[in-house]
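Student: With the working numbering, the residue at position 95 of the sequence shown is 96, and numbering never jumps.
No residue lacks a Cβ here, since even glycine has one placed at the ideal position from N, Cα and C.
Since the model is a prediction, treat every value here as computed from it, not as a measurement.
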Amino acid sequence: MNRMTMVKTGDTALTVTRRFNADPAAVFKAHTDEAIVRTWMLGPPGWTMPECTLDATPGGAFSYTWAHPDEGSFTIHGTFLELDPPNRIFHEEVMEMGDETPPAARVETRFEADPDGTLMTMTITYASAEQREAAVASGMEDGMAFSYDTLEKALASA
Numbered sequence: 002m003n004r005m006t007m008v009k010t011g012d013t014a015l016t017v018t019r020r021f022n023a024d025p026a027a028v029f030k031a032h033t034d035e036a037i038v039r040t041w042m043l044g045p046p047g048w049t050m051p052e053c054t055l056d057a058t059p060g061g062a063f064s065y066t067w068a069h070p071d072e073g074s075f076t077i078h079g080t081f082l083e084l085d086p087p088n089r090i091f092h093e094e095v096m097e098m099g100d101e102t103p104p105a106a107r108v109e110t111r112f113e114a115d116p117d118g119t120l121m122t123m124t125i126t127y128a129s130a131e132q133r134e135a136a137v138a139s140g141m142e143d144g145m146a147f148s149y150d151t152l153e154k155a156l157a158s159a
């Protein structure tokens, strides 16, 4: 199975890469179709996604809430700034955990065809190094990796 990697880049960014055994159009659609997002962006076992809304158009909003009986809940919401199907998504997002709302992060996700399917490269740029460290400390890497493994299985069975 393909593995996700996450590395710190510069002072405030994270770069996430993942290969998928599917064409860019299918991987792009899986990131922009609400019904499909609900099937894979669930995180590790025990987590649920009680809220998932998205309008994948320039200026359209999205909101995802995850919940766990022992870990509590958190929400990521934002706005799509640019979409170039099936090549690129550019959006802003805010991850709310607790009482504090951090500044929005800017996220560029590229989907490039390669001999094995698609190489996805996501660059998340935070307002500060501290905000990036808080995001990493939240366990986001494990949650994203598990979700992308779930997506890989869904794409294989489509």
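Which word fits proline 25, buried or exposed, when buried means at least 16 other C-beta atoms lie within 10 angstroms of its C-beta?
Tutor: Here residue 25 refers to the residue found at position 24 of the sequence shown. Buried is the call here.
Student: Restricting to runs no shorter than 3 residues, where is the beta strand (DSSP E) found entirely within the region 59 to 139?
Tutor: 62 to 69, 73 to 85, 89 to 97, 106 to 115 and 118 to 126
Student: Can you tell me the Cβ-Cβ gap for phenylalanine 75 and phenylalanine 63, rounded? I've got them flagged as a contact below 8 Å.
Tutor: Mapped onto the sequence shown, residue 75 falls at position 74. Mapped onto the sequence shown, residue 63 falls at position 62. Rounded, the Cβ-Cβ distance is 15 Å, inconsistent with contact.
Student: Which of the three DSSP states, helix, strand or coil, is assigned to methionine 145?
Tutor: In the sequence shown, counting from the first residue as 1, residue 145 sits at position 144. Residue state, collapsed to three classes: helix.
Student: Can you give me the start and stop residues for the beta strand (DSSP E) that threonine 10 sits inside?
Tutor: Position 9 of the sequence shown, counted from the start, is the residue given in the question as residue 10. 6 to 10 is the span of the beta strand (DSSP E), which, as asked, contains threonine 10.
Student: In the DSSP output, which residue or residues are listed as bridge partners for alanine 14?
Tutor: If you number the sequence shown from 1, residue 14 lands on position 13. In the DSSP output, where bridge partners are listed per residue, alanine 14 has Thr10 and Thr126.
Student: Tell me, which residues are paired with threonine 54 by DSSP?
Tutor: Residue mapping note: residue 54 aligns to position 53 of the sequence shown, counting from 1. Beta-bridge pairing links threonine 54 to Ser64.
Student: Using alpha carbons as the reference points, say which of Arg4, Asn3 and Lys9 lies closest to glutamate 131.
Tutor: On the sequence shown, position 130 is the one that residue 131 refers to. Selected option, being the one with the closest Cα: Lys9.
Student: Write down the C-beta distance between asparagine 3 and glutamate 153 rounded to the nearest angstrom, noting that I regard them as a contact closer than 8 Å.
Tutor: The residue given as residue 3 occupies position 2 in the sequence shown. The residue given as residue 153 occupies position 152 in the sequence shown. The pair is a contact, with the Cβ atoms about 6 Å apart (cut-off 8 Å).
Student: Rounded to a whole number of angstroms, what is the C-alpha to C-alpha distance between aspartate 150 and phenylalanine 21?
Tutor: Here the question's residue 150 lines up with position 149 in the sequence shown. Here the question's residue 21 lines up with position 20 in the sequence shown. Taking the straight line from one Cα to the other gives about 9 Å.
Student: Let's see if you can read the secondary structure: which residues bound the alpha helix (DSSP H) around proline 25?
Tutor: Locating residue 25 in the sequence shown gives position 24, where the first residue counts as 1. 25 to 33 is the extent of the alpha helix (DSSP H) around proline 25.
Student: Do threonine 33 and threonine 122 have their CB atoms nearer than 8 Å?
Tutor: The residue labelled residue 33 in the question sits at position 32 within the sequence shown. The residue labelled residue 122 in the question sits at position 121 within the sequence shown. The answer is no: Cβ separation not under 8 Å.
Student: To the nearest angstrom, how far is the alpha carbon of proline 86 from that of alanine 36?
Tutor: Residue mapping note: residue 86 aligns to position 85 of the sequence shown, counting from 1. Residue mapping note: residue 36 aligns to position 35 of the sequence shown, counting from 1. Using only the alpha carbons, I get a separation of about 18 Å.
Student: Please work out which residues of its chain come closer than 6 Å, Cβ to Cβ, to proline 51, disregarding the five sequence neighbours upstream and downstream, and give them in chain order.
Tutor: Against the sequence shown, residue 51 aligns to sequence position 50. The residues are Thr66 and Ala68.
Student: Would you mind working out which of Ile77, Tyr127, Thr40 and Leu156 sits nearest glycine 99, comparing C-alpha positions?
Tutor: As a working mapping, residue 99 is identified with position 98 in the sequence shown. That would be Ile77, whose Cα lies nearest to the Cα of glycine 99.
Student: Out of Thr6, Asp12 and Met7, which has the shortest C-alpha to C-alpha gap to tyrosine 127?
Tutor: Within the sequence shown, the letter at position 126 stands for residue 127. The shortest C-alpha separation from tyrosine 127 is found at Asp12.
Student: CB methionine 96 to CB proline 103, shorter than 8 Å?
Tutor: One-based indexing of the sequence shown puts residue 96 at position 95. One-based indexing of the sequence shown puts residue 103 at position 102. Their beta carbons are under 8 Å apart, which means methionine 96 touches proline 103 by this criterion.
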